[in-house]
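Participant: Residue numbers for the sequence shown follow this note's numbering, so the first one is 1 and each next one is one higher. C-beta: ideal position from N, C-alpha, C; glycine also. All of these numbers come straight from a predicted model, not from anything done at the bench.
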Amino acid sequence: MVSFGMVGEQRQRPLGLGAVGTVSSLLLVLLSSAVANAQKAGDFNGSGAAQPAVPSNVQIISPSGGQGGLFSIEATRRLLKEAESAVSAQNYSLAATKLQDARQVSNQLSNFYQALAGSFLGIDNRASDSLRLKALSSAQIRDQSTYQLALVYRAQNKPEQAIPLLIEIIRSQNPSRDLGTKSYQQLFELGFVDVPYPRTPTSAPPAGVTPPAK
Numbered sequence: 001m002v003s004f005g006m007v008g009e010q011r012q013r014p015l016g017l018g019a020v021g022t023v024s025s026l027l028l029v030l031l032s033s034a035v036a037n038a039q040k041a042g043d044f045n046g047s048g049a050a051q052p053a054v055p056s057n058v059q060i061i062s063p064s065g066g067q068g069g070l071f072s073i074e075a076t077r078r079l080l081k082e083a084e085s086a087v088s089a090q091n092y093s094l095a096a097t098k099l100q101d102a103r104q105v106s107n108q109l110s111n112f113y114q115a116l117a118g119s120f121l122g123i124d125n126r127a128s129d130s131l132r133l134k135a136l137s138s139a140q141i142r143d144q145s146t147y148q149l150a151l152v153y154r155a156q157n158k159p160e161q162a163i164p165l166l167i168e169i170i171r172s173q174n175p176s177r178d179l180g181t182k183s184y185q186q187l188f189e190l191g192f193v194d195v196p197y198p199r200t201p202t203s204a205p206p207a208g209v210t211p212p213a214k
């Protein structure tokens with residue numbers, strides 16, 4: 001019969017050199033296999049530091065300003081054309097979505113280009129002027145998409161959504177410019193304002209009558 005003391009002594013008995021070598025060899029094989037699998041999966045970089053895996057369903061978008069860029073003036077123009085096609089098909093819901101996207105992106109572009117233009121002012125005037133023109137172009141597209149969106153809301157019989165957009169355009173463009181004048185006319189048609197602009201002459205002479213010289 002084996003006593004508990006003898007069992008304890010057997011557990012504390014050191015391993016022989018042959019057993020140590022065998023265990024070490026197994027550990028090296030397992031470690032080499034793990035490193036190889038990790039390198040194949042791209043989990044390690046050249047320094048051996050772990051890298052986070054990128055999910056396969058994540059789309060990485062490059063902030064390119066070219067024709068294929070999603071955050072560019074060209075992209076907002078494409079959205080406007082897509083919205084026009086949707087309006088022609090009387091798909092006002094899709095048109096509103098396209099115009100909202102064009103309005104949001106062009107507004108962000110205008111702000112960014114304006115900020116960059118100010119940063120280059122006095123440092124590189126050529127860069128500053130180019131960026132300022134891009135800011136103006138983006139702002140014009142923003143106001144145009146806003147005006148078209150207001151018309152879509154009118155077509156959907158949603159004047160409460162169209163009126164704030166029309167007022168926003170007038171504040172941006174001022175009433176004397178083409179888009180500002182059209183926006184004010186829309187407000188007049190909606191009954192939100194009661195004074196037409198531009199005003200028609202109230203004392204025009206009859207046809208064929210030449211007014212006396214002053």
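Considering just the uninterrupted stretch of the alpha helix (DSSP H) at Asn111, what are its terminal residues?
Facilitator: On the sequence shown, position 111 is the one that residue 111 refers to. First-last of the alpha helix (DSSP H) with Asn111: 92-120.
Participant: Taking 7 Å as the limit between beta carbons, can you name the residues of its chain near Gly180, skipping five residues before and five after?
Facilitator: Residue mapping note: residue 180 aligns to position 180 of the sequence shown, counting from 1. Contacts found: Ile169, Ile170, Gln173, Asn174.
Participant: Quick check: what's the CA-CA separation for Asn125 versus Gln144?
Facilitator: Counting from 1 along the sequence shown, the entry for residue 125 is found at position 125. Counting from 1 along the sequence shown, the entry for residue 144 is found at position 144. Approximately 28 Å, taken between the alpha carbons.
Participant: DSSP three-state label for Pro175, please.
Facilitator: Translated into the one-based positions of the sequence shown, residue 175 becomes position 175. Three-state result, Pro175: coil.
Participant: Measuring alpha carbon to alpha carbon, tell me which of Ala83, Gln161, Tyr197, Gln108 ends up nearest Arg177.
Facilitator: Here residue 177 refers to the residue found at position 177 of the sequence shown. Arg177 has its Cα closest to that of Tyr197, out of Ala83, Gln161, Tyr197, Gln108.
Participant: Rounded C-beta distance between Arg142 and Ser110? I'm assuming under 8 Å.
Facilitator: To locate residue 142, count along the sequence shown from 1; it is residue 142. To locate residue 110, count along the sequence shown from 1; it is residue 110. Going by Cβ atoms, the distance from Arg142 to Ser110 rounds to 6 Å, so yes, they are a contact pair.
Participant: Using the three-state DSSP reduction, which class does Arg199 fall into: helix, strand or coil?
Facilitator: Within the sequence shown, the letter at position 199 stands for residue 199. Arg199: coil per DSSP, three-state reduction.
Participant: Please confirm whether Arg132 and Ala117 have their CB atoms less than 8 Å apart.
Facilitator: Along the sequence shown, read from residue 1 onward, the residue named residue 132 stands at position 132. Along the sequence shown, read from residue 1 onward, the residue named residue 117 stands at position 117. Yes, these two residues count as a Cβ contact at 8 Å.
Participant: Apart from the five residues just before and just after Leu226, which ones in its own chain have a Cβ nearer than 7 Å to its Cβ?
Facilitator: Absent from the structure is residue 226, since the part of the chain shown begins at 1 and ends at 214.
Participant: Beta-carbon within less than 6 Å of Leu79's beta-carbon, same chain only, minus the 5 sequence neighbours each way: which residues are those?
Facilitator: For the purposes of this step, residue 79 is identified with residue 79 of the sequence shown, where counting begins at 1. Result list for Leu79: Lys98, Asp101, Ala102, in chain order.
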